[in-house]
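Down below is the structure, laid out as structure tokens.
Chains as they are written, first to last, in the working numbering: chain A, 1 to 224; chain B, 1 to 243.
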């Protein structure tokens, strides 16, 4: 494992809180992969490195919509784990390859997270299903708080799984001689495609504005 | 009630959706309305745990309005009909404005800043501030107008320019998406893992353009395509490194 025990505990705690923010409490959007990965990096003292994994994950999460009872991948806890492990491994021998592994593991965990959210919602029926008779305020609070505690534990476990799997993979992998530039290109193109996929949400009428933005972005890129 | 509204989705389930959450938000108001009548309070809380759904940020509108109806002594059947009538529109309004327009636009603002070289915290803070400005306003304003207008809440909601706000957010979002895609594709992004030493070859620009077109065409399905490409790149890289 790349993280120390104290760092792992902090990252797991952040993962649990971020899972709560995703649906159960707040929805202040600290659970977005972009922010969650920076928080993971912050837990190991390198938020600027953590957000690198977050940028790729966020681009690929932009067009995901949490509407109604839809089943969707969960971005927060996997991003915390990816951001923390990638940042703790910095500077890596092979930056692009390490980032690629972190992103791939996080994407797989997002699917696991999404499934676990669906299972939790089925399980919540026992806690929060409509009662035949009335309820006291204390009973209502209990029905509301118990699923939130389980959601926290679920997010913490998912984050721990990510830290362990990713830590083990990066320790076991040998990236010497890895074609870094080619892999970097794949990552860059994934971000471009992910960011562009958000355009579907805004509608065809706004496609010309995308081109205006792209021209401005190309100008800024030329300047920096 | 406002603080409790932040946890309205805490017990989200496939049977009553956020029904229990609504009862949890309403509990302080119902305790006042039914002070001294424990049995009536129990019955009221039980009624309000039944099926309900709404966008989480606009659930405070329903909670405020229901609290007002309960305080006015409106019959339980009328309150139930009111809840059934508003749940669809509160969901659709919020989903369209927040999930479809405002959130992607806010995220793209943060991403664009980081990709253009801003410090990590500038991008993250810009996103959180812009997004939550609308979010927190919706919760507080919703509760206030719900409590004030009760059954007339539909008329009040019709007067709020949600559609125009969503359209402005979509315009800004499309601009920011183009900006972020170009900076990321240029190889000059302010993110170390996405930089291309030595600048871009015309072929790289062509690939970036193709990637953008693919992203637009696939929408959310781009996740699977990107994961597949990254997985293949990893395997190919490992094979190449050993030969």
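Even glycine gets a Cβ: it sits at the ideal position worked out from N, Cα and C. Values in this document were obtained by computation on a predicted structure and should not be read as measured data.
Close-in-space but distant-in-sequence residues of the same chain around residue i (CB under 6 Å, 5 per side omitted)
| i | result |
| --- | --- |
| residue 161 (chain A) | none |
| residue 40 (chain B) | 34 |
| residue 84 (chain A) | 11, 40, 43 and 44 |
Contact set for residue i: own chain, Cβ-Cβ below 8 Å, skip 5 residues either direction
| i | result |
| --- | --- |
| residue 67 (chain B) | 1, 26, 29, 30, 33, 146 and 147 |
| residue 18 (chain B) | 8, 9, 11, 12, 52, 53, 54, 56 and 59 |
| residue 13 (chain A) | 156 |
| residue 79 (chain B) | 47, 66, 69 and 70 |
| residue 218 (chain B) | 225 |
| residue 195 (chain A) | 59 and 62 |
| residue 206 (chain A) | 199 |
Residue-chain proximity (residue i, chain B), Cβ-Cβ < 8 Å
| i | result |
| --- | --- |
| residue 213 (chain A) | yes |
| residue 84 (chain A) | no |
| residue 134 (chain A) | yes |
| residue 160 (chain A) | no |
| residue 188 (chain A) | yes |
| residue 11 (chain A) | no |
| residue 31 (chain A) | no |
| residue 131 (chain A) | yes |
| residue 209 (chain A) | yes |
Three-state secondary structure assigned by DSSP to residue i
| i | result |
| --- | --- |
| residue 124 (chain A) | helix |
| residue 89 (chain A) | coil |
| residue 53 (chain B) | coil |
| residue 28 (chain A) | coil |
| residue 17 (chain B) | strand |
| residue 72 (chain B) | coil |
| residue 238 (chain A) | With chain A covering 1 to 224 only, the question about residue 238 (chain A) has no answer from this structure. |
| residue 8 (chain B) | coil |
| residue 118 (chain B) | coil |
| residue 225 (chain B) | helix |
| residue 243 (chain B) | coil |
| residue 135 (chain A) | coil |
| residue 34 (chain B) | coil |
| residue 138 (chain B) | helix |
Residue from the options whose Cα sits closest to the Cα of residue i
| i | options | result |
| --- | --- | --- |
| residue 127 (chain A) | A:150, A:113, A:107 and A:108 | A:150 |
| residue 209 (chain A) | B:208, B:61 and B:169 | B:169 |
| residue 51 (chain A) | A:78, A:28, A:73 and A:71 | A:78 |
| residue 232 (chain A) | B:102, B:135 and B:223 | Any property of residue 232 (chain A) remains undetermined from this structure, which presents chain A solely from 1 to 224. |
| residue 155 (chain B) | B:188, B:65, B:21 and B:138 | B:65 |
| residue 16 (chain B) | A:182, A:121, A:216 and A:195 | A:121 |
| residue 205 (chain B) | B:61, B:45 and B:188 | B:188 |
| residue 178 (chain A) | A:129, A:98 and A:163 | A:98 |
| residue 216 (chain A) | B:112, B:207 and B:73 | B:112 |
| residue 227 (chain B) | A:86, A:93 and A:109 | A:109 |
| residue 48 (chain B) | B:36, B:77, B:72 and B:37 | B:77 |
| residue 142 (chain B) | B:88, B:153 and B:133 | B:153 |
| residue 135 (chain A) | B:98, B:45, B:239 and B:144 | B:45 |
| residue 91 (chain A) | A:48, A:221 and A:113 | A:48 |
| residue 181 (chain A) | B:194, B:104 and B:94 | B:194 |
Per-residue contacts from residue i into chain A (C-beta, under 7 Å)
| i | result |
| --- | --- |
| residue 95 (chain B) | 67 |
| residue 1 (chain B) | What residue 1 (chain B) touches in chain A: nothing, since even the nearest Cβ is about 13 Å away. |
| residue 188 (chain B) | 221 and 224 |
| residue 11 (chain B) | 124, 127, 128, 143, 144 and 147 |
| residue 164 (chain B) | Those within 7 Å of residue 164 (chain B) in chain A number zero; the least Cβ separation is about 14 Å. |
| residue 185 (chain B) | 188 and 192 |
| residue 126 (chain B) | Chain A residues near residue 126 (chain B): none, gap ~11 Å exceeds 7 Å. |
7 Å Cβ cut-off: residues of chain B touching residue i
| i | result |
| --- | --- |
| residue 4 (chain A) | Result: empty, since nearest Cβ-Cβ is about 22 Å, beyond 7 Å. |
| residue 58 (chain A) | 107 and 111 |
| residue 97 (chain A) | 237 |
Any chain A beta carbon closer than 8 Å to residue i
| i | result |
| --- | --- |
| residue 24 (chain B) | yes |
| residue 34 (chain B) | no |
| residue 114 (chain B) | yes |
| residue 168 (chain B) | no |
| residue 141 (chain B) | no |
| residue 158 (chain B) | no |
| residue 82 (chain B) | no |
| residue 15 (chain B) | yes |
| residue 230 (chain B) | yes |
| residue 43 (chain B) | yes |
| residue 202 (chain B) | no |
| residue 120 (chain B) | yes |
| residue 191 (chain B) | yes |
Under 8 Å by beta carbon: chain A residues contacting residue i
| i | result |
| --- | --- |
| residue 64 (chain B) | Simply none; closest approach about 18 Å. |
| residue 220 (chain B) | 63, 64, 65, 197 and 200 |
Contacts of residue i in chain A (Cβ-Cβ under 9 Å)
| i | result |
| --- | --- |
| residue 223 (chain B) | 60, 61, 63, 64, 73, 107, 110, 194 and 197 |
| residue 56 (chain B) | 23 and 27 |
| residue 75 (chain B) | Within chain A, no residue comes near residue 75 (chain B); the closest Cβ sits about 17 Å away, beyond 9 Å. |
Cutoff 7 Å; reference residue i; Cβ partners in own chain excluding five residues on either side
| i | result |
| --- | --- |
| residue 202 (chain B) | none |
| residue 57 (chain A) | 33, 37, 75, 79, 82, 103 and 106 |
| residue 127 (chain B) | 106, 107, 109 and 110 |
| residue 165 (chain A) | 105 |
| residue 130 (chain B) | 106 and 109 |
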